[in-house]
Amino acid sequence: MSRAETAVPREELGEVRTPSPLWTFGLLRSELVTTFRRWRTLALLAVLAAVPILVGIAVKIETSDGSSAGPGRGGGGGGPAFIAQITNNGLFLVFTALAATLPFFLPMAIGVVAGDAIAGEANAGTLRYLLVAPAGRTRLLLTKYATVLAFCLVATLVVAASALAVGAVLFPLGDLTTISGTRISFADGLGRALLIALVVAASLIGIAALGLFISTLTNSGIAAMATTVGLLITVQILDQIPQLHALQPYFFSHYWLSFADLMRDPVYWDDLTKNLGLQALYAAVFGSAAWARFTARDITA
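Mind the numbering: the sequence shown is residues 483 to 783 in the numbering used here, read in order.
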């Protein structure tokens, strides 16, 4: 091998040693620790945890005179119906908090973490060293995406846990009435709350894949985060324009609030399955695009 060849990383020559499964687990563990120790990540989680606190206090103040929250807002399966039930059962604060954070706060936090996944490493000058470690581009990309998905789950559970704690302190707990008008036990309601949190976390895998793809297009973490959040806002606006009704079912955010159907008895699965299928499609398309871009990219940082 010539001296010129020795100056080229083994990863570029296709001679990367295959890492062991234990090494791969160590890489994932390192990514998780690094991500969740960042002050930015902790600040995002703190903001998400504060939303249920603010909602709970606002409802408590509004109903301190004995009136019900959200007068005239009964009925159908979204946030308003949940808000009207909070004073009767604090568990409804979990559903309300998730409905309040899902359109913007949760996906914005995911967009920040996903957008910084690859671009942040390139900006810091550590991406090249990670590839020579040897991680391999595909393995590193999968590890980054798994880390973002872990953040999706943790962020959603933080909102749900904060809402449950605040709801238990400020409002009574017990058997609850579903959107369909039937009564279920508190244990059943708690199980549905956990299922709803998992569905909300799964609803974010599309924006996570989109953010990761954008992160492979630039060396600027800030640019990747801003672009991801900007696309999120744009899609949310387009989803509210009636003239685009033919396209709206294909927007990743269109079925986000379908989790409310889990509070029906029996559960209405149609929109839920459409939502999960759409998220899987976005994950497959933009995950593949991220892989194609990242494996062919000239890594200089």
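Cβ atoms here follow ideal geometry from the backbone N, Cα and C, with glycine treated the same way.
Can you check whether the CB of F653 is closer than 9 Å to the CB of L575?
-> The beta carbons of L575 and F653 sit closer together than 9 Å.
Cβ pair count under 8 Å reaching 3, the stretch 686-703 against the stretch 633-644 = Flag = yes, the stretch 686-703 and the stretch 633-644 touch.
Excluding five sequence neighbours on each side, which residues of the same chain lie with their C-beta closer than 7 Å to the C-beta of A696?
-> According to the sequence as given, residue 696 is Ile; it is not Ala. Listed in chain order, the non-local C-beta contacts of I696 below 7 Å within the same chain comprise G597, A706, T709, T710, local neighbours out to five positions each way being set aside.
Decide yes or no for the touch test of the stretch 735-744 against the stretch 662-681: beta carbon pairs closer than 8 Å, at least 3 of them.
-> Yes: the two stretches touch, three or more of their Cβ pairs being nearer than 8 Å.
Residue environment, G561, which counts as buried when at least 16 other CB atoms sit within 10 Å | Because G561 carries a pLDDT of 46, less than 50, the predicted location of this residue cannot be relied on, and the following value inherits that uncertainty. Classification of G561: buried, given that the 10 Å Cβ count is 16 or more.
Express the C-alpha separation of R621 and T608 in angstroms, rounding to a whole number.
-> The alpha-carbon atoms of T608 and R621 are separated by roughly 16 Å.
Assigned exposure category for Q761 - 16 Cβ within 10 Å defines buried | Buried.
Take Y750 as the anchor and find which of L514, P731, I661 has the nearest alpha-carbon.
-> Taking only the C-alpha atoms, the option nearest Y750 is I661.
Quick one: measure Cβ to Cβ for S702 and A601, integer angstroms, because I've assumed they're closer than 8 Å.
-> With a Cβ gap of about 6 Å, S702 and A601 count as contacting.
Can you tell which of G538, G649, I592, G759 has its C-alpha closest to the C-alpha of A525?
-> Taking A525 as reference, the option from G538, G649, I592, G759 with the minimal CA-CA separation is I592.
Bridge partners of L658, per DSSP?
-> Its beta-bridge partners are I666.
Residue range of the alpha helix (DSSP H) that includes W773 | Taken as a continuous stretch (DSSP letters only), the alpha helix (DSSP H) holding W773 covers 752-778.
Could you tell me the distance, in whole angstroms, from the CA atom of T638 to the CA atom of A675?
-> In a straight line, the C-alpha of T638 is about 11 Å away from that of A675.
Whole angstroms is fine: what's the gap from T755's alpha carbon to L672's?
-> When rounded, the distance between both Cα atoms is 22 Å.
Go through its chain and collect everything with a Cβ distance to A765's Cβ below 8 Å, but skip five positions before and after it.
-> The beta carbon of A765 sits closer than 8 Å to those of I687, G688, A690, A691, all from its chain and outside the five residues before and after it, given in chain order.
Hey, out of A531, I719, D721, whose CA is closest to A647's CA?
-> For the residues A531, I719, D721, the minimum Cα distance to A647 belongs to A531.
Do you know offhand how far V594's Cα is from T523's?
-> Going by C-alpha positions, V594 is about 9 Å away from T523.
Express the C-alpha separation of V533 and L584 in angstroms, rounding to a whole number.
-> Using only the alpha carbons, I get a separation of about 11 Å.
CA-CA distance, G693 and P724?
-> About 27 Å.
C-alpha distance - A775 paired with L699, whole-angstrom precision = Reading the sequence as shown, one finds Arg at residue 775 and not Ala. Cα-Cα distance, rounded: 7 Å.
Exposed or buried, what is F734 when buried is set at 16 or more other beta-carbons lying within 10 Å of its beta-carbon?
-> Result: buried.
Compute the distance between the beta-carbons of V641 and L588, then report whether it is under 9 Å.
-> If you check the CB distance, V641 and L588 come in under 9 Å.
Which residues in the same chain as E513 place their Cβ atom closer than 6 Å to its Cβ, once the five residues preceding and following it in sequence are excluded?
-> The beta carbon of E513 sits closer than 6 Å to those of T625, T629, all from its chain and outside the five residues before and after it, given in chain order.
Three-way DSSP call (helix, strand, coil) for D747 in this model = DSSP places D747 in the coil class of the three-state scheme, outside both helix and strand.
Given T777, which residues of its chain have a CB within under 7 Å of its CB, disregarding the five upstream and five downstream residues?
-> Only R619, T620 meet the Cβ criterion.
Identify which residue in Y737, A771, V767 has its Cα closest to the Cα of L430.
-> Here the chain comprises residues numbered 483 to 783, so residue 430 is not present and cannot be evaluated.
So, are the CB atoms of L527 and G649 less than 9 Å apart?
-> No, Cβ-Cβ distance for L527 and G649 is not below 9 Å.
Reference V529, options Q718, A582, I543, closest by Cα = If we check each option's Cα against that of V529, A582 comes out closest.
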